[in-house]
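Novice:
There are 2 protein chains.
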Amino acid sequence: MLQFGKIAVIGAGNVAYTLCNVMKDKGINPYCVFVRDKNKAAQVGEELGVEAVSDYKKVLESDFIIISVNDDSISDVAAQLIDYKGIVVHTSGTKPSTVLNKIARFGVFYPLQTMSKNRKIRFDDVPLLIFANTEDDLATLKEFAELFSNNVIVCDDEQRKAIHLSAVFVSNFTNVMLGIGDKLLKEKGLPLTIMKPLVMEMMEKSFETLPQKALTGPARRGDFATIGEHEKMLSYKPDELAIYMILTDYITEKYNKTDEEL
Amino acid sequence: MLQFGKIAVIGAGNVAYTLCNVMKDKGINPYCVFVRDKNKAAQVGEELGVEAVSDYKKVLESDFIIISVNDDSISDVAAQLIDYKGIVVHTSGTKPSTVLNKIARFGVFYPLQTMSKNRKIRFDDVPLLIFANTEDDLATLKEFAELFSNNVIVCDDEQRKAIHLSAVFVSNFTNVMLGIGDKLLKEKGLPLTIMKPLVMEMMEKSFETLPQKALTGPARRGDFATIGEHEKMLSYKPDELAIYMILTDYITEKYNKTDEEL
């Protein structure tokens, strides 16, 4: 705590909550949490066990500010902090660090993980993607991040944007695939949980080798009889059919080469 | 072994290999494994530690046959077994059990898992989807399956077909999403492994609650500014852009309702 001074967190969403809790787990009590909506401040303060404020006075007394609000609100918050002397970071995957560049010392502290207010996650292997506009502050930020995770990665705005886009595919879109799988099973009275061993093994295998080496299934095998049957089964679900077809075509086109070409 | 008699396995692919190894782990030595290609039989026999044969004589001496060949070859194999008196099952997710109905006693033994010859998997939670054309044989098959897994599910051809189609979405297509994510990271010199904590947490969360409740990201939030940026970033990759757009539209259309509507 002393080392990094007084830490203020701005925001009361999933990421702000998780960060406050993770800090407290390490014995670092945030100096205050800023909650824009006055009517919610008391509740947030109580839930987090941190002093919650709705004006910037106390925030400006801190040494280090973590802005953890919706992407679109970051610049509004930054406008309040122009004369601030400490380090200010945001936690966004997409917004460039430069959205904060009217503040003297700025950076990014982006935890690459999906977070919910009420869900505890293992934080020690969560990649923390950090950036700061001076080498000294980057060193400080790195030390801070390493309190929480073994997986601290310094990366620039371009890299972080690519990581965020990649995360949409590997996290959001894989989730959609589970959603469609669930829907198809429900129609036959079956629970999605029967898929868990398959999904987990496929994920492990994909990370151990390479995704394309782990791929199996009718499209990978070029088994057009099965593909035709699947398309027939999906004919009453045009949206899911369209997704089936575009992904099957993608595999057929990109993957069905000899191993050397892959 | 005695209880189920002599067991013959037909095939030398990933599933046949895994099943032979799983049986041996439980002290059940397959009576023989049938390998169509004479030139490969010796090698397969040696690798599996099971007698490998290339004619049906020894297979027909068995009490129970597991056909584990390509979907398209199942009926050819079945034609060789018309007068067989024991139980014959295939291991296909898509082919109906009736592809074996010229044999008196037939069924299905479909392990819902992705398998590779050289990869050990935990088999005890793999769903084994079974079916037999008589109640007695179904009971026998169930007892056999329960030797290997705590997760034996009796299901008919229609259910199994739906499960297989669902598996294409939750396993093959999620794999494709990891492949695209990997490609995007590689371009910035980053390894896919940084995504593992995120992906695993998202999967756990999706199975614990419901996929649609676990979904986050720009499409779910209706964050069209970020979506627009992502589309710009993908503009030089038309195939990946098309996938991004169709899945983003799908989320926007199906998910962006109030919680009650979900």
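Protein chains in written order, with this note's numbering: chain A, 1 to 262; chain B, 1 to 262.
Ideal placement from N, C-alpha and C gives every residue a C-beta, glycine not left out.
1. With DSSP as the reference, label residue 254 of chain B as helix, strand or coil.
2. Rounding to the nearest angstrom, what Cα-Cα distance links residue 168 of chain B and residue 80 of chain A in this structure?
3. From this set, A:225, A:255, A:158 and A:106, which residue's C-alpha is nearest residue 187 of chain B's C-alpha?
4. Should residue 229 of chain A be flagged as near chain B, meaning a C-beta pair shorter than 8 Å?
5. If you draw a straight line from the alpha carbon of residue 204 of chain B to that of residue 126 of chain A, how long is it in whole angstroms?
6. Kindly provide the ranges of any alpha helix (DSSP H) runs that are 4 or more residues long and lie completely inside the region 113-174 of chain B, ordered along the chain.
7. Closest Cβ-Cβ distance between residue 91 of chain B and chain A: below 8 Å?
8. Nearest to residue 228 of chain A by CA position, among B:11, B:94 and B:63, is which residue?
9. Within 10 angstroms of its Cβ, does residue 40 of chain A collect 16 or more other Cβ (buried), or is it exposed?
10. Between residue 226 of chain B and chain A, is any beta-carbon pair separated by less than 8 Å?
11. Residue 168 of chain B CB to nearest chain A CB: under 8 Å?
12. Please decide whether residue 80 of chain A counts as near chain B, where near means a Cβ-Cβ distance under 8 Å.
13. Output needed for residue 18 of chain B: all residues of its chain with C-beta closer than 6 Å, excluding positions within five of it in sequence on either side, in chain order.
14. Can at least three beta-carbon pairs, one atom from the region 10-27 of chain A and one from the region 50-70 of chain A, be found at a separation below 8 Å?
15. Determine whether the beta carbon atoms of residue 130 of chain B and residue 105 of chain B lie at a separation below 8 Å.
16. Can you tell me whether residue 296 of chain A is buried or exposed, with buried defined as 16 or more other CB within 10 angstroms of its CB?
17. What is the DSSP secondary structure of residue 3 of chain A, counted as helix, strand or coil?
18. Which same chain residues, not among the five before or five after residue 259 of chain A, have their C-beta less than 7 Å away from its C-beta?
19. Taking the alpha-carbon positions, what's the residue 119 of chain A to residue 92 of chain A distance?
20. Given that a residue counts as buried once 16 or more other Cβ atoms are within 10 Å of its Cβ, and exposed if not, what is residue 42 of chain A?
21. By the three-class DSSP mapping on this structure, what secondary structure does residue 202 of chain B have?
22. What are the uninterrupted segments assigned as alpha helix (DSSP H) that are 4 or more residues long and contained completely in the region 40-107 of chain B, given in chain order?
23. Does the Cβ of residue 132 of chain A lie closer than 7 Å to at least one heavy atom of the ligand MG?
24. Going by C-alpha distance, which of A:210, A:244, A:250 and A:251 is nearest residue 250 of chain B?
25. Which value, in whole angstroms, describes the spacing of the CA atoms of residue 75 of chain A and residue 99 of chain A?
26. Buried or exposed: where does residue 194 of chain A fall if 16 or more other Cβ atoms within 10 Å of its Cβ makes it buried?
Specialist: To lay it out plainly:
1. Here residue 254 of chain B corresponds to residue number 254 of the second sequence, with the count starting at 1. In this structure, residue 254 of chain B counts as helix in the three-state DSSP scheme.
2. Here residue 168 of chain B refers to the residue found at position 168 of the second sequence. Here residue 80 of chain A refers to the residue found at position 80 of the first sequence. Distance between the alpha carbons of residue 168 of chain B and residue 80 of chain A is about 50 Å.
3. If you number the second sequence from 1, residue 187 of chain B lands on position 187. Considering only alpha carbons, the answer is A:158.
4. Reading the first sequence from its first residue, position 229 is the one you call residue 229 of chain A. Residue 229 of chain A has a beta carbon lying within less than 8 Å of a beta carbon in chain B.
5. The count along the second sequence starts at 1 and reaches residue 204 of chain B at position 204. The count along the first sequence starts at 1 and reaches residue 126 of chain A at position 126. The alpha-carbon atoms of residue 204 of chain B and residue 126 of chain A are separated by roughly 15 Å.
6. 135-146 and 157-167
7. In the second sequence, residue 91 of chain B corresponds to position 91, counting from 1. No, its Cβ sits nowhere closer than 8 Å to a Cβ of chain A.
8. For this step, residue 228 of chain A is matched to residue 228 along the first sequence. Ranking the options by Cα distance to residue 228 of chain A, first place goes to B:94.
9. Taking the first sequence and counting its residues from 1, the one referred to as residue 40 of chain A is at position 40. Looking at its Cβ environment, which holds fewer than 16 other Cβ atoms inside 10 Å, residue 40 of chain A is exposed.
10. Translated into the one-based positions of the second sequence, residue 226 of chain B becomes position 226. Interface residue, yes.
11. The residue given as residue 168 of chain B occupies position 168 in the second sequence. It does; some Cβ of chain A falls within 8 Å.
12. Translated into the one-based positions of the first sequence, residue 80 of chain A becomes position 80. No, residue 80 of chain A lies away from the interface with chain B (no Cβ there is under 8 Å from its Cβ).
13. For the purposes of this step, residue 18 of chain B is taken as the residue at position 18 of the second sequence. Contacts found: 115.
14. Short answer: they touch.
15. To locate residue 130 of chain B, count along the second sequence from 1; it is residue 130. To locate residue 105 of chain B, count along the second sequence from 1; it is residue 105. No.
16. Because chain A in this structure spans residues 1 to 262, residue 296 of chain A falls outside the shown range and cannot be described.
17. Your numbering for residue 3 of chain A matches position 3 in the first sequence. Coil at residue 3 of chain A, not helix or strand.
18. The residue you call residue 259 of chain A lines up with position 259 of the first sequence. Note on residue 259 of chain A: pLDDT 46, under 50, position unreliable in the model; no value is reported.
19. Taking the first residue of the first sequence as 1, we reach residue 119 of chain A at position 119. Taking the first residue of the first sequence as 1, we reach residue 92 of chain A at position 92. So the alpha carbons of these two residues sit roughly 20 Å apart.
20. Here residue 42 of chain A is taken as the residue at index 42 of the first sequence, counted from 1. Counting Cβ neighbours within 10 Å, residue 42 of chain A comes out exposed, since fewer than 16 surround it.
21. Within the second sequence, the letter at position 202 stands for residue 202 of chain B. In the structure shown, residue 202 of chain B sits in a helix (DSSP, three-state: H, G or I).
22. Within the region 40-107 of chain B, the complete alpha helix (DSSP H) runs of at least 4 residues fall at 56-60 and 74-79.
23. In terms of ligand content, the structure shown is empty, and the ligand MG therefore cannot be addressed.
24. Numbered from 1 along the second sequence, position 250 holds the residue referred to as residue 250 of chain B. Residue A:244 is the option with its Cα nearest to residue 250 of chain B.
25. Counting from 1 along the first sequence, the entry for residue 75 of chain A is found at position 75. Counting from 1 along the first sequence, the entry for residue 99 of chain A is found at position 99. Those two C-alpha atoms are separated by around 6 Å.
26. Numbered from 1 along the first sequence, position 194 holds the residue referred to as residue 194 of chain A. Buried is the call here.
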